[in-house]
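**Student:** As given, the protein sequences belong to chains R and V, one line each in that order.
Each residue of the first sequence is one higher than the last, beginning at 45 in this note's numbering.
Each residue of the second sequence is one higher than the last, beginning at 45 in this note's numbering.
We put the beta carbon where it would ideally sit given N, CA and C, even for glycine.
2 protein chains.
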Amino acid sequence: MIVKTQYVTFDVEVSLQSGAKFGPVTLAYETYGQLNEAHSNGILLLHALSGDAHAAGKHSPTDSKSGWWDEAIGPGKTFDTDKYFVICSNVIGGCQGSTGPASINPHTERRYGLTFPVITVADMVNAQRLLLDHLGIEKLLTVVGGSMGGMQAIQWAAAFPNRVRSAIVLASTARVSAQSIALNEVARQAIYADPNWNKGDYYDNDRPNSGLALARMIGHITYLSEASMRAKFGRRLQQREHYGYDFATEFRVENYLKHQGDTFTKRFDANTFLYITKAIDYFDLSYGHPSLAHAFEAVTAKMLVVSYSSDWLYPPAESKELVRALLHNGIDTTYVEIKSDYGHDAFLLEVDRLAELTHDFLARVQHDGQPHHPTHLVMGRHKEKATS
Amino acid sequence: MIVKTQYVTFDVEVSLQSGAKFGPVTLAYETYGQLNEAHSNGILLLHALSGDAHAAGKHSPTDSKSGWWDEAIGPGKTFDTDKYFVICSNVIGGCQGSTGPASINPHTERRYGLTFPVITVADMVNAQRLLLDHLGIEKLLTVVGGSMGGMQAIQWAAAFPNRVRSAIVLASTARVSAQSIALNEVARQAIYADPNWNKGDYYDNDRPNSGLALARMIGHITYLSEASMRAKFGRRLQQREHYGYDFATEFRVENYLKHQGDTFTKRFDANTFLYITKAIDYFDLSYGHPSLAHAFEAVTAKMLVVSYSSDWLYPPAESKELVRALLHNGIDTTYVEIKSDYGHDAFLLEVDRLAELTHDFLARVQHDGQPHHPTHLVMGRHKEKATS
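1) How should Ser221 of chain R be labelled, buried or exposed, when 16 other C-beta atoms within 10 angstroms of its C-beta is the threshold for buried?
2) Let me see if you follow: with CB-CB separation under 7 Å, is Asp355 of chain V close to chain R or not?
3) Along the beta strand (DSSP E) that carries Lys102 of chain R, what are the first and last residues, could you check?
4) Tell me the DSSP secondary structure of Leu185 of chain V in three-state form.
5) Please state the DSSP three-state secondary structure of Asp404 of chain R.
6) Considering only residues of the same chain and omitting the five flanking positions on each side of Cys132 of chain R, which have a CB-CB separation below 6 Å?
7) Ile212 of chain V lies in the beta strand (DSSP E); which residues open and close that run?
8) Which residues in the same chain as Leu93 of chain R place their Cβ atom closer than 6 Å to its Cβ, once the five residues preceding and following it in sequence are excluded?
9) Using a C-beta to C-beta distance shorter than 9 Å, which residues of chain V count as neighbours of Leu322 of chain R?
10) For Asp238 of chain V, count neighbouring C-beta atoms within 10 Å of its own C-beta (all shown protein chains included) and say buried if the count is 16 or more, exposed if not.
11) Helix, strand or coil for Leu79 of chain V per DSSP?
12) Have a look at Val162 of chain R and Phe66 of chain R and give me their C-alpha separation to the nearest angstrom.
13) Closer than 7 Å, CB to CB, is Glu446 of chain V near chain R or not?
14) Rounded to whole angstroms, what is the Cα-Cα separation between Gly332 of chain V and Gln61 of chain V?
15) Determine whether the Cβ of Tyr326 of chain V lies closer than 7 Å to any Cβ atom of chain R.
16) Are the beta-carbon atoms of Arg155 of chain R and Lys183 of chain R separated by less than 7 Å?
17) Would a check of beta-carbon distances place Ile265 of chain R closer than 7 Å to chain V?
18) Quick one, are the C-beta atoms of Phe287 of chain R and Tyr236 of chain V less than 7 Å apart?
19) According to DSSP, is Val409 of chain R part of a helix, a strand, or is it coil?
20) Which one of R:Ala211, R:Phe312, R:Glu394 and R:Gly244 has the shortest CA to CA distance from Ile375 of chain R?
21) Cβ atoms of Tyr352 of chain R and Ala399 of chain R: under 7 Å apart, would you say?
22) Contact criterion: CB-CB distance below 7 Å. Does Ala27 of chain V meet it with respect to chain R?
23) Taking 8 Å as the cut-off, does the segment 350-368 of chain V touch the segment 262-279 of chain V (at least 3 CB pairs, one atom from each stretch)?
24) Indicate whether at least one CB of chain R lies closer than 7 Å to the CB of Val230 of chain V.
25) Name the DSSP beta bridge partners of Glu381 of chain R, please?
26) Do Thr49 of chain R and Ala72 of chain R have their beta-carbon atoms positioned less than 7 Å apart in this structure?
27) Does DSSP classify Thr316 of chain R as helix, strand or coil?
28) If the cut is a Cβ gap below 9 Å, which residues of chain R does Met261 of chain V touch?
29) Exposed or buried, what is Gln223 of chain V when buried is set at 16 or more other beta-carbons lying within 10 Å of its beta-carbon?
30) According to a CB-to-CB cut-off of less than 7 Å, which residues of the segment 274-289 of chain V neighbour chain R?
31) With a threshold of 16 other CB atoms inside 10 Å of the CB of Ala292 of chain R, please say whether the residue is buried or exposed.
32) Find the nearest neighbour of Thr70 of chain R within the set R:Glu57, R:Tyr76 and R:Glu81, judged by alpha-carbon distance.
33) Val58 of chain V touches chain R at which residues, Cβ-Cβ below 7 Å?
34) Is the beta carbon of Leu301 of chain V within less than 6 Å of some heavy atom of the ligand ZN?
35) Identify each residue in the segment 209-224 of chain R for which the Cβ-Cβ distance to at least one residue of chain V is less than 7 Å, and report them in chain order.
36) Would you kindly check if the distance between the Cβ of Ala314 of chain R and the Cβ of Leu256 of chain R is under 7 Å?
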């Protein structure tokens with residue numbers, strides 16, 4: 045599948061959650077499959093921290109890699125492009141084509157850097173709404189995302205009940221924990237500490253690659269589980285039979301992390317890392333509400349919430365908190381905890397289990413002309429089906 | 045209790061695990077209580093990464109703080125100084141009085157910096173053995189430590205069966221996991237990335253405090269559990285009622301970590317951090333053996349192994365692996381998992397539970413003129429007593 049990233053610029057002033065006004069806003073996006081005549085088969089994919097609009101296919105036949113969720117998007121796949129019109133856009137604040145801190149501010153003709161406003165998950169979703177209007181989609185069949193993508197899915201369901209028939213929330217949380225904030229803050233501090241960062245004003249000079257690589261290394265540890273690290277690396281050495289008794293990179297896990305950190309600096313902007321992690325830290329749907337349940341009062345979408353047993357970044361307990369708040373409002377919610385050793389990354393890797401769940405869930409969403417199903421909940425591991 | 049740190053210099057060349065020779069070696073140490081006539085009441089405390097010889101009491105009546113484990117050491121306490129002669133020494137490689145990278149190399153009259161040899165937990169224990177000889181103690185009643193201190197306790201039991209009657213291993217592991225190595229490596233990278241580090245040659249200039257603070261912040265996250273962070277900080281803001289929509293330190297957990305990082309730089313040396321974390325990463329008692337159990341063949345000490353339910357740095361599963369290897373050799377082993385929300389730090393905080401366990405365990409060790417007890421194991425949570 046050869047795809048092309050598209051760009052649309054909205055010459056508006058959007059109101060941000062902070063109260064600031066901001067514009068214009070360009071969004072990079074890709075689409076897969078065809079919008080049907082009724083405009084009723086739209087699925088919006090929501091990417092995680094380091095993702096982008098390029099979710100599936102290749103930009104050219106010679107590309108070595110496909111989009112970040114190619115396993116799940118295409119003819120006959122989880123998000124079947126023979127049936128659905130799948131959209132993915134880079135978030136506002138991003139660095140892969142959408143307006144972000146590395147973009148040129150048209151008012152000053154200089155890059156925004158730290159003059160870019162602090163954005164939130166709500167702001168990301170508001171910008172995506174402009175894209176839906178542009179594409180002529182009044183109501184999406186579903187919104188789906190993992191990690192920060194799941195936060196956007198929750199936000200869509202809570203903020204725009206008239207525009208989403210369902211939401212699929214993977215490996216996510218309705219309010220980011222102190223531990224996650226702590227890890228994000230340390231990652232940000234690594235960037236601040238890099239002399240090349242220069243308070244965000246580095247675009248004409250050397251980039252803060254060492255700080256950004258460190259930040260990514262911290263992140264990567266949280267994406268894997270202890271079990272997956274043990275299986276993948278254990279205590280195995282890299283190109284050595286015996287300890288070297290020096291400070292070289294000698295354990296394979298060290299080498300892997302260094303490689304992940306270095307590779308990341310080639311495709312990601314350090315300032316975007318700051319803005320996006322801050323948006324994650326701010327994500328707490330109960331903020332400004334008397335309770336989390338209160339924040340979901342307007343939700344009409346059917347919800348599929350999936351957690352992964354070894355995910356310690358957004359552990360199953362946080363999905364369960366979200367599910368309780370949804371059920372408190374009588375929202376049609378399906379919850380499944382998938383047993384997996386892959387840690388947080390499982391949401392990208394456990395494609396087969398997700399395909400089953402999604403197939404059944406979307407079938408049920410599309411049949412909502414039928415008599416209303418009772419609110420139901422599948423909780424526990426090893427459930428083969430999410431729907432009753 | 046007013047105590048004084050003592051120093052002893054061994055003008056020898058010790059053989060390190062790496063094969064290198066190193067000397068002379070100075071050790072800083074403190075003692076609490078009196079050595080009895082039979083020299084049979086000695087207890088060696090083994091400190092963790094950032095610890096030192098000052099385990100209990102104060103150096104002067106005006107000190108605001110007591111030693112790092114004052115709650116457990118003193119008359120009538122867990123390690124009762126009315127009965128026991130308690131010794132604690134700063135490890136070789138340390139920065140609190142023992143020879144380490146910040147020490148002056150007498151051969152060059154310059155600080156060692158990175159010319160200091162890479163040391164291991166075995167090297168720490170070998171140096172402590174010199175101290176025991178100096179103090180005239182042929183056989184210790186017990187060796188006890190948590191975290192890296194627990195690694196030293198394991199090493200003592202495995203390497204010197206004739207010199208320890210028992211060992212108490214808290215919140216530790218017999219082989220450090222890939223996840224722990226990963227976290228230590230990221231912390232080291234934070235130090236390497238600090239321009240002030242200058243390949244370890246910074247003692248005449250500004251210190252790499254920003255890198256060291258970052259390293260400490262990463263460490264601190266691993267010492268707490270998700271539950272303890274939630275209870276201690278949650279999503280509470282620092283001196284703000286509402287989100288500031290900026291990059292200030294606004295969540296309390298961020299403020300706490302920053303404070304921990306900054307404070308650490310006032311008392312710790314960045315090079316020592318590198319050497320000690322490397323010693324931790326190298327700790328794998330099965331290294332050079334066909335199996336972990338094989339490494340314990342010579343052990344004669346009674347063993348008390350304690351893990352803490354919410355410790356994710358050295359989780360209970362790793363203590364159980366150690367216990368299985370000990371039991372495989374028929375070693376008298378008691379294992380208790382203490383249910384605690386304090387995470388890795390629980391080994392310092394759950395003093396009351398430890399006092400009970402230790403009291404019973406040491407009573408049994410001292411009665412070993414009695415008929416031999418069968419090997420026994422207490423596994424599981426909420427056990428009130430470790431001995432049958």
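**Tutor:** Let me lay it out:
1) Within the first sequence, residue 221 of chain R is the residue found at index 177, counting from 1. Ser221 of chain R comes out buried.
2) The residue you call residue 355 of chain V lines up with position 311 of the second sequence. Taking Cβ atoms only, chain R never reaches closer than 7 Å to Asp355 of chain V, which makes this a no.
3) One-based indexing of the first sequence puts residue 102 of chain R at position 58. Run containing Lys102 of chain R: none; DSSP gives neither H nor E here.
4) Here the question's residue 185 of chain V lines up with position 141 in the second sequence. Leu185 of chain V sits in coil when the DSSP states are folded into three classes, being neither helix nor strand.
5) The residue you call residue 404 of chain R lines up with position 360 of the first sequence. Collapsing the DSSP output to three states places Asp404 of chain R in a helix.
6) Along the first sequence, read from residue 1 onward, the residue named residue 132 of chain R stands at position 88. Residues of the same chain with a CB within less than 6 Å of the CB of Cys132 of chain R, apart from the 5 flanking positions on each side, are Glu74, Leu89, Ala97 and Ala99 in chain order.
7) As a position in the second sequence, residue 212 of chain V is number 168, starting the count at 1. Note, Ile212 of chain V: beta strand (DSSP E), Ser210 to Leu214.
8) Looking up residue 93 of chain R in the first sequence gives position 49. If we look at Leu93 of chain R and ignore the five residues flanking it on each side, its Cβ neighbours are Met192 and Ile320.
9) On the first sequence, residue 322 of chain R is found 278 positions in, with the first residue counted as 1. Leu is not the amino acid found at residue 322 of chain R; the sequence shown has Lys there. Near Lys322 of chain R (Cβ distances below 9 Å), the residues of chain V are Tyr289, Asp290 and Phe291.
10) The residue labelled residue 238 of chain V in the question sits at position 194 within the second sequence. Counting Cβ neighbours within 10 Å, Asp238 of chain V comes out buried, since at least 16 surround it.
11) Locating residue 79 of chain V in the second sequence gives position 35, where the first residue counts as 1. Of the three classes helix, strand and coil, the one that applies to Leu79 of chain V here is coil, per DSSP.
12) For the purposes of this step, residue 162 of chain R is taken as residue 118 along the first sequence, with counting starting at 1. For the purposes of this step, residue 66 of chain R is taken as residue 22 along the first sequence, with counting starting at 1. The straight-line gap from Cα to Cα measures roughly 10 Å.
13) Not covered by the structure: residue 446 of chain V. The range shown for chain V is 45 to 432.
14) In the second sequence, counting from the first residue as 1, residue 332 of chain V sits at position 288. In the second sequence, counting from the first residue as 1, residue 61 of chain V sits at position 17. Each residue's alpha carbon lies about 12 Å from the other.
15) Within the second sequence, numbered from 1, the residue matching residue 326 of chain V stands at position 282. At least one chain R Cβ lies under 7 Å of Tyr326 of chain V.
16) Start at 1 with the first residue of the first sequence, and residue 155 of chain R comes out as number 111. Start at 1 with the first residue of the first sequence, and residue 183 of chain R comes out as number 139. Contact annotation: Arg155 of chain R and Lys183 of chain R have beta-carbon atoms that are not nearer than 7 Å.
17) On the first sequence, residue 265 of chain R is found 221 positions in, with the first residue counted as 1. Yes, its Cβ sits closer than 7 Å to a Cβ of chain V.
18) On the first sequence, residue 287 of chain R is found 243 positions in, with the first residue counted as 1. On the second sequence, residue 236 of chain V is found 192 positions in, with the first residue counted as 1. The amino acid occupying residue 287 of chain R in the given sequence is Tyr; Phe does not appear at that position. No, these two residues do not count as a Cβ contact at 7 Å.
19) Working through the first sequence from its first residue, we reach residue 409 of chain R at position 365. Look at Val409 of chain R here: in three-state DSSP terms it is helix.
20) Numbered from 1 along the first sequence, position 331 holds the residue referred to as residue 375 of chain R. Minimum Cα distance to Ile375 of chain R is reached at R:Ala211.
21) Looking up residue 399 of chain R in the first sequence gives position 355. Looking up residue 352 of chain R in the first sequence gives position 308. Not in contact: Ala399 of chain R and Tyr352 of chain R (Cβ atoms no closer than 7 Å).
22) Because chain V is modelled from 45 through 432, residue 27 of chain V falls outside the range shown and cannot be assessed.
23) The answer is yes - the segment 350-368 of chain V touches the segment 262-279 of chain V, with three or more Cβ pairs under 8 Å.
24) Numbered from 1 along the second sequence, position 186 holds the residue referred to as residue 230 of chain V. With 7 Å as the cut-off, Val230 of chain V counts as an interface residue toward chain R.
25) Counting from 1 along the first sequence, the entry for residue 381 of chain R is found at position 337. DSSP lists R:Ser351 as the bridge partner or partners of Glu381 of chain R.
26) For the purposes of this step, residue 72 of chain R is taken as residue 28 along the first sequence, with counting starting at 1. For the purposes of this step, residue 49 of chain R is taken as residue 5 along the first sequence, with counting starting at 1. Yes, the pair counts as a contact, with Cβ atoms nearer than the cut-off.
27) In the first sequence, counting from the first residue as 1, residue 316 of chain R sits at position 272. Three-state DSSP puts Thr316 of chain R in a helix.
28) For the purposes of this step, residue 261 of chain V is identified with residue 217 of the second sequence, where counting begins at 1. Against chain R, a Cβ distance below 9 Å from Met261 of chain V picks out Ala226, Glu229, Val230 and Gln233.
29) Residue mapping note: residue 223 of chain V aligns to position 179 of the second sequence, counting from 1. Burial check for Gln223 of chain V: the Cβ neighbour count within 10 Å reaches 16 or more, so the residue is buried.
30) If the cut-off is 7 Å between Cβ atoms, the segment 274-289 of chain V has Arg274, Phe277, Gly278, Arg279, Tyr287 and Tyr289 near chain R.
31) Residue mapping note: residue 292 of chain R aligns to position 248 of the first sequence, counting from 1. So Ala292 of chain R counts as exposed.
32) Start at 1 with the first residue of the first sequence, and residue 70 of chain R comes out as number 26. Of the listed residues, the one whose Cα sits closest to Thr70 of chain R is R:Glu57.
33) Counting from one through the second sequence, the residue named residue 58 of chain V turns up at place 14. The CB of Val58 of chain V never comes closer than 7 Å to any CB in chain R; the least such distance is about 14 Å.
34) Summarising the ligand content, the structure contains no ligands, and the ligand ZN is consequently not present.
35) Contact residues of the segment 209-224 of chain R toward chain V are Arg219, Ser221, Ala222 and Gln223 (C-beta to C-beta distance below 7 Å).
36) Within the first sequence, the letter at position 212 stands for residue 256 of chain R. Within the first sequence, the letter at position 270 stands for residue 314 of chain R. For Leu256 of chain R and Ala314 of chain R, yes; Cβs fall inside 7 Å.
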